[in-house]
Every structure is written in C-alpha cells, then in structure tokens.
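Visitor: From first to last, the protein sequence lines stand for chains A and B. Using this note's numbering, the letters of the first sequence correspond one by one to residues 4 to 275. Using this note's numbering, the letters of the second sequence correspond one by one to residues 516 to 946. Let me begin by handing over the structure; questions about it come next.
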Amino acid sequence: MTSAEGKRGLRIVVCIKQVPKAQELSVDPVTKTLKRVGVPSEINPPDQNALELALRLREKHGGEIVVLSMGPTSFDESLERAIAMGADRAVLVTDRNLGGSDTVPTALTLEHAIEKIGGVDLILCGEETTDASTGHVGPGIAGHMDIPQITYCSEVEILDGKVRGTRMIEDGAETWEAPLPCLVTVDFGCNKPRQPTLTGKIRVKRGGLVVHWSAADIGLEPSQIGLRGSPTIVAKVDTVQLPARGGRIFQEEPVIAVSLLLDALRKDKVIP
Amino acid sequence: MAERFDAVVVGAGPAGSAAALTLARKGFSTLLVERGRAPGAKNMFGGRIYAWPLFEILPDWTKDCPVERLVTKESMAFLTEDASLGIAFESPKLSEGKAASFTALRPKFDAWLAKKAEEAGAMLVMGIRVDDLWREDGRVKGVFVAPDDRVAADVVVIAEGATSGLVRQAGLKADLEPREVSVGVKETIELPEKDLQDRFGLGDREGAAIVYAGYASLGLRGGGFLYTNKSSVSLGLVVSSEDLARKKVEIQDVQTKFRMHPAIQKLLKGGKVVEYSAHLVPELGRNMMPRLYADGVLVAGDSAGFLINNGYTFRGVDLAIASGIAAGEAADAARKAGGMTAANLAAYERSLRARNVLQDLEAFSRTPLYLKNERLFDVYPRLVIDLAERIYRVDGTARGRLVDTVLREVNASGVSKVTLLMDLLRGARSM
C-alpha cells in the first residue's frame with residue numbers, strides 16, 4: 004500500500020480502545036474478574052498520547068486524522084471524544100461475532116479496516132492498553148499489513164516520505180527511520196493530550212462523523228474472528244493474596260524497645 | 516472553522532434550559548453550553564421548586580418531571596439552644612394548580628429540563644467552560660473558550676449562576692462584594708421512606724417544608740431550611756457571609772449545631788448524611804442587580820440576582836425559569852424589531868414584568884439580607900421562646916397576667932419598646 008498520488012498532507016489512522024478508568028476499577032472477589040459495570044470509561048491513556056501526537060503532526064503537515072476502534076457501540080463515547088479533541092472522523096468496527104477476540108483477530112480486524120479506509124500514510128497506536136497490557140495489537144497490525152513499525156516512540160517526525168521515530172531505551176534513546184506507510188506505537192505520557200473543544204463537541208453533535216462497520220463490511224469471515232479466531236485459552240484467573248504481615252510493634256521506652264528488637268532479630272536468625 | 520448559532524446560552528441550569536427551550540421553539544438555532552459533566556452536576560439549591568412557570572412552557576410537566584414530593588405542609592419555627600416554637604400550615608390548596616411547589620434533586624430536575632430544551636431543538640454541549648465573551652466593536656459577538664475555539668451568535672444569554680464571571684466581563688456588573696452574597700450549605704440526609712412519612716406526618720407523595728430562625732443560624736443573619744424528598748431530607752442554612760467573616764464562624768460548624776438541635780435530631784434520628792454541598796447565594800436586591808441586557812447579551816437566573824429570600828420563602832428556581840422564558844421571548848422580539856441591540860433587547864424587562872419577576876423582587880428584596888436587622892435573627896426568636904415558656908410552664912409559682920409577662924420579657928430582652936414597634940412595622944411592610 005502506498006500513499007495516494009497527489010494527496011495533500013498525511014492521512015493518519017489512530018487506533019484507540021475504550022477502557023474502564025483504571026483508578027476506579029476493582030476485582031470481584033468471587034468471580035475474580037474485573038468489575039466493569041458502572042465504572043466510567045476513558046480513552047486508553049497511551050492512545051490519548053498517540054492522538055495528541057497525530058494532532059501535532061496534522062498541525063505541521065496538514066491532512067486528515069481518522070480514529071479507529073473495534074468494540075461495542077458504547078465505544079462511540081470515546082470516538083466522539085477523540086473528534087471533540089480534534090480528529091476529523093472515526094470508524095468503529097462493531098459486530099457480535101467479534102466478541103471474545105484476543106489480540107490476533109483484533110489486529111486482523113483493524114488491519115482490514117485500515118485497508119478499507121485506504122490511502123493511509125501513518126498508523127499510530129498507544130504502546131499498550133491499561134486493561135489488558137499486551138502491547139500486541141499495534142505490531143500485529145503492522146505484521147498483517149507487512150509494513151515497517153517503530154515501537155515505543157516518544158517523538159515522531161515526518162520527513163519527505165519517511166517517518167523518524169525516537170524511542171527511549173534503558174540507557175539512552177534510539178532513532179529509527181522507516182518509509183511510509185508505517186506503524187508507530189507511542190510511549191505513554193510522552194505528551195499532554197489536549198482537552199475537547201467547544202467547536203469539536205459541536206461537530207460531534209452535528210453528527211455523521213462516526214461510522215460503524217460490521218465484520219462483513221471489511222471482508223472478514225466469522226471463523227477468522229471472535230473466540231474461534233483467537234488462539235488464546237484462558238485457563239485460570241487468580242488474584243494475588245498479599246501475605247499478612249507478621250510484624251510486631253515495640254512500644255516500650257526507645258532503649259528497651261531497641262534491645263528487644265535486637266533480641267527478636269537474633270532469635271529469628273536475621274542477624275548474628 | 517468557526518461555528519455559528521442564532522443564540523448561545525451559557526449554563527444548563529433552570530434559567531439556561533428554559534431560555535434555550537424558548538429560543539429553539541421560536542426558531543433560533545440554539546447552543547446550550549454546560550460546564551458540568553451533566554446538567555445539574557454542579558448546581559445546588561435548598562430543595563424546593565415553585566412550579567408556576569413550568570405551566571407556561573411545559574403544561575404537561577407533571578407527567579415526567581422528577582418530583583420528589585409535592586409540598587403540602589409549610590412550617591416555620593424559632594429555635595433557641597434547646598427549645599423550638601413552630602407553626603404549621605396544612606392545606607390542600609398548597610399543592611393545587613399553579614400554586615404547586617415540589618421538592619426535587621437538581622441532577623435529576625436540571626437534566627430533565629435540559630432534555631426538554633434538546634427536544635425543542637437546542638444543541639446541548641456539556642463539559643465545556645466558557646471563560647469569556649467574544650466581543651468586537653463594543654458588542655457581544657459570541658462566546659470565547661480559546662483563540663481557536665469560539666462560537667459566533669447573534670445573542671448570548673448568560674445563565675451561569677451566582678458567581679458569573681461573564682456578567683463582569685460583559686461590563687454589566689462590578690465584582691461581587693462579600694455583603695452582596697450569603698453562603699448556603701446543605702446536607703442531604705437519607706431516611707427510610709416510611710420513617711420520613713411517619714415523622715413528618717406525610718402521605719405517599721406529600722412533602723413538608725420548614726424554615727427555621729434564631730439558633731439555626733446561631734443568631735447570625737440568615738436562617739435554616741428543611742425539605743423532605745422521597746427518602747431523604749435536605750437540611751441547610753443560608754447565612755450572611757459578612758456575619759460569618761466578622762464573627763469568625765465557620766459555616767459548617769453552624770450547620771452541625773443546627774443539625775444537632777434536639778428538635779432537628781428528633782426528625783432525623785438514624786439518618787445518614789450522604790451529601791454535603793455549599794454555594795454562594797446572591798442577596799443583591801433589586802438595586803444591585805446587574806444591567807440585565809446590552810448589545811447582543813441577556814442575563815438570566817442567579818447571574819441576574821433573581822432570588823427572593825424573605826424569611827419564609829426561598830425562591831430561586833422559579834424566577835430562573837421565568838427569566839429564561841423572558842430572555843427567549845425578548846430575543847425573539849428583538850429579532851423581529853431588526854436586531855439584538857440593547858434598545859431592542861429592552862423587551863426583556865417587559866417580559867420579566869409580564870411574569871411579575873421584577874415586581875416580586877422589588878417588593879420582597881427591598882431589604883436584602885445584609886441590610887436586615889440583626890434583632891430578627893437573634894433577639895426576637897429568643898423573646899418568643901421565652902414568652903412561650905412563661906405561658907406554658909406551670910410550676911406553682913405566681914403566674915400574673917399575660918400582658919405583664921410580655922412586657923417583662925420585652926424589658927428583659929434589652930430592646931426598647933419603640934424599637935420593637937418599629938421592627939414590627941418594618942417587618943409587616945416587607946411582607
């Protein structure tokens with residue numbers, strides 16, 4: 004896939020996921036699953052950084068930002084928020100057959116949707132999601148599309164048909180260049196996502212900027228997606244039980260407390 | 516790309532939603548902007564709404580309006596540290612026709628009214644704070660959020676509540692002075708529905724409203740209120756912010772003492788405080804209202820100081836709704852007259868008068884709280900309760916004639932008879 008001839012500016016696809024707000028989540032002690040009911044949602048925070056990065060690139064180079072997601076229609080809330088923040092339009096792939104998809108069919112679905120959007124120069128994804136934390140989907144899309152990818156970038160520049168991404172590694176920074184089209188995953192917290200604007204929210208209200216596609220719309224068979232298309236098997240989910248602390252507090256006079264503590268440590272053979 | 520509407524309304528409270536609804540019905544493309552995540556999310560009031568202006572814009576309001584209880588029982592009570600003296604008025608007439616009033620919870624009520632405005636065709640946008648007006652050539656051209664985020668409009672209706680920054684920015688009013696505002700606090704206390712109905716002597720959908728004077732505000736200028744919701748009670752105070760500052764009293768301490776009063780405890784026993792809120796209450800009085808209109812702009816609701824607190828009724832939401840309707844009507848009249856100039860928008864004043872909003876404010880706010888006599892809040896409640904004690908306590912000591920008792924109590928209160936007489940006359944006149 005190549006950039007369409009004579010097209011002005013960049014066409015950027017930003018892949019986002021709607022996730023429950025992490026700080027308001029808890030685990031059901033009985034079923035051991037996340038309690039999602041009634042928990043407010045947000046755009047996966049690293050995806051917000053990806054969107055902000057896209058908005059800055061558009062400011063510099065012009066073009067169009069299409070936000071893409073896969074999930075139930077409740078995800079419209081996040082797609083609308085992305086438009087209110089400045090994205091041009093959004094696509095939601097929504098289909099009952101997609102339920103239970105792991106990262107393999109998810110990446111395949113997004114890839115098919117990106118092909119249908121067409122003429123895409125750059126695909127931006129957050130580095131990973133706060134609810135699943137796999138970091139698979141971005142690289143998976145690049146794999147299905149057979150295009151280059153640069154992961155965990157905190158800076159992205161566009162130079163004449165190329166993308167240059169800077170990724171922080173343990174002992175410094177790496178800079179990579181790749182030809183467009185390319186997929187870049189974006190470091191969480193590398194920028195400060197902007198707030199929705201009044202004019203952006205008005206554009207959302209005027210409507211028509213979010214389209215829904217089914218799996219069939221993008222040429223996917225039921226066998227390729229959902230549980231059937233997912234190699235992952237969830238064998239068991241468990242919560243970590245923090246061991247009870249067996250500590251003791253010495254409340255005697257400091258001099259006595261210290262000698263009692265030393266005795267106790269010697270007795271437990273912690274110190275000689 | 517700049518967006519454009521015929522009218523932008525700032526604030527989706529009762530005034531803003533009523534204005535947006537009226538404007539939309541009159542064919543204005545209307546944007547209603549709310550800073551909270553939902554209408555009513557940031558709003559606070561005592562707890563009761565007088566329904567009369569709803570009959571004008573939503574004659575079928577009783578069908579789906581989120582009413583907690585219809586007020587069928589009105590009381591007022593004087594409090595001292597440990598005693599209370601009250602009178603109660605019960606009449607089916609209280610809840611009949613346009614005189615109906617009801618208790619409500621703002622997140623529900625405001626969302627309902629904003630929905631009605633949307634159904635009429637207004638566009639509701641939430642979670643956006645409008646910081647400034649877009650002004651050009653001395654007139655208001657729209658609203659301004661950021662340099663690249665502004666919306667043009669022929670007319671802007673400011674309905675953003677008591678602490679409106681836009682009213683000041685439009686040059687319609689100077690900064691608020693402490694003496695122009697009171698502080699309102701309210702606790703919502705949950706009670707099982709059955710206990711609540713038993714304690715207040717109410718039927719299934721019936722509600723009670725009580726105003727308190729004296730110890731409720733610890734003798735500071737102001738008073739307390741209590742309204743019954745379906746399964747909770749709204750208990751709160753409105754107190755002069757000047758008095759709080761001068762006497763160095765914290766409003767939450769006043770509220771706690773009020774809640775702990777034996778007469779209140781009896782009503783709320785076993786209840787759980789589930790919400791605490793505080794708000795500024797404009798006490799501007801008619802003379803200190805902002806200018807209500809200028810080129811391209813109208814002011815409605817609390818932003819305009821449309822609030823009446825005369826000691827026995829607290830009115831705000833009804834005046835807000837009525838002023839919203841009047842603002843919509845005025846914009847329509849101005850458009851027909853050729854444009855949103857101040858001269859054409861003067862129709863607003865006529866529309867307000869047609870709904871008796873200004874007349875009521877003139878009649879009742881002749882003495883805003885900050886001018887009101889401190890004796891009303893401190894000496895007199897004590898006086899009537901002392902008197903009641905003398906009348907009702909029989910302990911074998913000599914009783915004397917009632918008139919002697921009254922005179923002795925008056926003398927003991929330290930207020931001269933002339934002053935008392937003057938206060939009585941003034942009080943009667945202000946009603």
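Don't be surprised by glycine CBs; every beta carbon is placed ideally from N, CA and C.
The alpha helix (DSSP H) that contains Gly-146 of chain A, what's its start and end?
Guide: Numbered from its first residue, the first sequence carries residue 146 of chain A at position 143. Counting along the chain, the alpha helix (DSSP H) containing Gly-146 of chain A begins and ends at 140-148.
Visitor: Taking C-beta to C-beta, are Leu-687 of chain B and Pro-805 of chain B nearer than 8 angstroms?
Guide: On the second sequence, residue 687 of chain B is found 172 positions in, with the first residue counted as 1. On the second sequence, residue 805 of chain B is found 290 positions in, with the first residue counted as 1. Cβ distance < 8 angstroms, so Leu-687 of chain B and Pro-805 of chain B count as in contact.
Visitor: Any C-beta of chain A sitting closer than 8 angstroms to the C-beta of Leu-538 of chain B?
Guide: Stepping through the second sequence from its first residue, residue 538 of chain B is reached at position 23. No - not a single Cβ of chain A is within 8 angstroms of the one on Leu-538 of chain B.
Visitor: Under the three-state reduction of DSSP, which class applies to Pro-574 of chain B: helix, strand or coil?
Guide: As a first step, residue 574 of chain B must be located in the second sequence, where it is residue number 59. The answer is coil: DSSP assigns Pro-574 of chain B none of H, G, I, E or B.
Visitor: Taking Cβ-Cβ distances shorter than 7 angstroms, what residues in chain A pair up with Glu-518 of chain B?
Guide: Sequence index remark: in the second sequence, residue 518 of chain B carries index 3 (1-based). Within 7 angstroms Cβ-Cβ: Thr-202 and Ile-205.
Visitor: For Gly-642 of chain B, which residues in chain A fall below 8 angstroms Cβ to Cβ?
Guide: Along the second sequence, one-based indexing puts residue 642 of chain B at 127. By Cβ distance, chain A contributes Pro-199 and Lys-204.
Visitor: Under a three-way DSSP split, which group does Ile-779 of chain B fall into?
Guide: Position 264 of the second sequence, counted from the first residue, corresponds to residue 779 of chain B. Helix, per DSSP.
Visitor: List the residues of chain B that Lys-208 of chain A touches, going by C-beta distances under 7 angstroms, in chain order.
Guide: Your numbering for residue 208 of chain A matches position 205 in the first sequence. Near Lys-208 of chain A (Cβ distances below 7 angstroms), the residues of chain B are Met-638 and Val-640.
Visitor: For Ala-57 of chain A and Gly-203 of chain A, what's the separation of their Cα atoms in angstroms?
Guide: Here the question's residue 57 of chain A lines up with position 54 in the first sequence. Here the question's residue 203 of chain A lines up with position 200 in the first sequence. Distance between the alpha carbons of Ala-57 of chain A and Gly-203 of chain A: 16 angstroms.
Visitor: Return the Cβ separation of Gln-21 of chain A and Gly-74 of chain A in integer angstroms, given the expectation that the two are a contact with Cβ distance under 8 angstroms.
Guide: By one-based count along the first sequence, residue 21 of chain A stands at place 18. By one-based count along the first sequence, residue 74 of chain A stands at place 71. About 6 angstroms separates the two Cβ atoms, so the contact holds.
Visitor: Strictly under 8 angstroms for the Cβ-Cβ distance: is Leu-648 of chain B near chain A by that measure?
Guide: For the purposes of this step, residue 648 of chain B is taken as residue 133 along the second sequence, with counting starting at 1. So, not an interface residue.
Visitor: With Leu-741 of chain B and Leu-750 of chain B assumed to form a contact (beta carbons below 8 angstroms), what rounded beta-carbon distance in angstroms separates them?
Guide: Working through the second sequence from its first residue, we reach residue 741 of chain B at position 226. Working through the second sequence from its first residue, we reach residue 750 of chain B at position 235. Contact flag correct, Cβ pair sits at about 5 angstroms.
Visitor: Mind checking Pro-662 of chain B: buried by the 16 CB within 10 Å criterion, or exposed?
Guide: The residue labelled residue 662 of chain B in the question sits at position 147 within the second sequence. Pro-662 of chain B is exposed by the Cβ-count criterion.
Visitor: Indicate the three-state DSSP secondary structure (helix, strand or coil) for Val-812 of chain B in the structure shown.
Guide: Here residue 812 of chain B refers to the residue found at position 297 when the second sequence is read from its first residue. In this structure, Val-812 of chain B counts as strand in the three-state DSSP scheme.
Visitor: Give a yes or no on whether 8 angstroms exceeds the smallest Cβ distance from Leu-268 of chain A to chain B.
Guide: Taking the first sequence and counting its residues from 1, one reaches residue 268 of chain A at position 265. No, no contact with chain B.
Visitor: Which term fits Gly-528 of chain B, buried or exposed, when burial requires 16 or more other beta carbons within 10 angstroms of its beta carbon?
Guide: As a working mapping, residue 528 of chain B is identified with position 13 in the second sequence. Gly-528 of chain B should be labelled buried.
Visitor: Which residue from B:Val-582, B:Asn-926 and B:Ser-866 puts its Cα closest to that of Gly-840 of chain B?
Guide: Translated into positions along the second sequence, residue 840 of chain B becomes position 325. Before going on, a small fix: residue 840 of chain B reads as Ile here, not Gly. It is B:Ser-866.
Visitor: Taking 6 angstroms as the limit between beta carbons, can you name the residues of its chain near Glu-67 of chain A, skipping five residues before and five after?
Guide: Residue numbering aside, residue 67 of chain A sits at position 64 when the first sequence is read from its first letter. Hits under 6 angstroms: Arg-14 and Asp-91.
Visitor: State the Cα-Cα distance for the pair Ala-110 of chain A and His-139 of chain A, rounded to the nearest angstrom.
Guide: If you number the first sequence from 1, residue 110 of chain A lands on position 107. If you number the first sequence from 1, residue 139 of chain A lands on position 136. When rounded, the distance between both Cα atoms is 8 angstroms.
Visitor: So, helix, strand or coil for Val-258 of chain A, using DSSP?
Guide: What you label residue 258 of chain A is simply residue 255 of the first sequence in a count that begins at 1. The answer is helix: DSSP assigns Val-258 of chain A an H, G or I state.
Visitor: For Arg-92 of chain A, list the residues DSSP reports as bridge partners.
Guide: The count along the first sequence starts at 1 and reaches residue 92 of chain A at position 89. According to DSSP, which records beta bridges pairwise, Arg-92 of chain A is partnered with A:Val-69.
Visitor: Can you tell me whether Tyr-885 of chain B is buried or exposed, with buried defined as 16 or more other CB within 10 angstroms of its CB?
Guide: The residue given as residue 885 of chain B occupies position 370 in the second sequence. Here the model assigns Tyr-885 of chain B a pLDDT of 47, short of 50, so the residue's position is not dependable, and the following value carries that caveat. With 16 or more Cβ atoms within 10 Å of its Cβ, Tyr-885 of chain B is classed as buried.
Visitor: Round the Cβ separation of Val-655 of chain B and Ala-685 of chain B to the nearest angstrom and send it over; I've been treating them as touching at under 8 angstroms.
Guide: Locating residue 655 of chain B in the second sequence gives position 140, where the first residue counts as 1. Locating residue 685 of chain B in the second sequence gives position 170, where the first residue counts as 1. Sure, about 6 angstroms apart at Cβ, within 8 angstroms.
Visitor: I'd like to know if Glu-8 of chain A contacts chain B, where contact means its C-beta is closer than 8 angstroms to some C-beta of that chain.
Guide: Counted from its first residue, the first sequence places residue 8 of chain A at position 5. With a pLDDT of only 39 at Glu-8 of chain A, under the threshold of 50, the placement of this residue in the model should not be trusted; the figure read from the coordinates follows. No, its Cβ sits nowhere closer than 8 angstroms to a Cβ of chain B.
Visitor: Are the C-beta atoms of Val-789 of chain B and some chain A residue less than 8 angstroms apart?
Guide: Along the second sequence, read from residue 1 onward, the residue named residue 789 of chain B stands at position 274. Not closer than 8 angstroms to any Cβ of chain A, the Cβ of Val-789 of chain B fails to qualify, so no.
Visitor: Put Ala-927 of chain B into one of helix, strand or coil per three-state DSSP.
Guide: Walking along the second sequence from the start, residue 927 of chain B turns up at place 412. Ala-927 of chain B: helix per DSSP, three-state reduction.
Visitor: Looking only at C-alpha atoms, which of B:Val-769, B:Glu-757 and B:Leu-706 sits nearest to Glu-596 of chain B?
Guide: Here residue 596 of chain B is taken as the residue at index 81 of the second sequence, counted from 1. It is B:Val-769.
Visitor: How do the segment 167-186 of chain A and the segment 143-152 of chain A stand: do at least 3 beta-carbon pairs fall below 8 angstroms, yes or no?
Guide: Touching, yes, given that three or more Cβ pairs across the two stretches are closer than 8 angstroms.
Visitor: If you follow the beta strand (DSSP E) that Asp-690 of chain B is in, where does it begin and where does it stop?
Guide: Numbered from 1 along the second sequence, position 175 holds the residue referred to as residue 690 of chain B. It is not in any beta strand (DSSP E) - Asp-690 of chain B carries neither H nor E in the DSSP assignment.
Visitor: Within the segment 174-227 of chain A, note down every full alpha helix (DSSP H) run reaching 4 residues or more, in order along the chain.
Guide: 201-209, all fully within the segment 174-227 of chain A.
Visitor: Would you identify the three-state DSSP class for Val-832 of chain B, choosing helix, strand or coil?
Guide: As a first step, residue 832 of chain B is located in the second sequence; it is residue number 317 there, counting from the start. If DSSP states are grouped into helix, strand and coil, Val-832 of chain B belongs with the helices.
Visitor: Given the structure, does Ala-862 of chain B come close to the ligand SAH, in the sense that its CB is under 7 angstroms from one of the ligand's heavy atoms?
Guide: The ligand content of the structure shown is nil, which means the ligand SAH is not present either.
Visitor: Find the nearest neighbour of Asp-710 of chain B within the set B:Gly-531, B:Ala-566 and B:Thr-743, judged by alpha-carbon distance.
Guide: Within the second sequence, residue 710 of chain B is the residue found at index 195, counting from 1. When only C-alpha atoms are compared, the closest one is B:Thr-743.
Visitor: What is the residue span of the beta strand (DSSP E) that Pro-48 of chain A lies within?
Guide: Here residue 48 of chain A refers to the residue found at position 45 of the first sequence. Here Pro-48 of chain A belongs to no beta strand (DSSP E); instead the alpha helix (DSSP H) covers 48-64.
Visitor: So, at 8 angstroms on beta carbons, what are the nonlocal neighbours of Val-921 of chain B in its own chain, with the 5 sequence-adjacent residues on each side left out?
Guide: Against the second sequence, residue 921 of chain B aligns to sequence position 406. Hits under 8 angstroms: Leu-902.
Visitor: Closest by CA to Tyr-808 of chain B, which one among B:Leu-795, B:Ala-793, B:Ala-837 and B:Ala-845?
Guide: Your numbering for residue 808 of chain B matches position 293 in the second sequence. Checking every option, the nearest Cα to that of Tyr-808 of chain B belongs to B:Ala-845.
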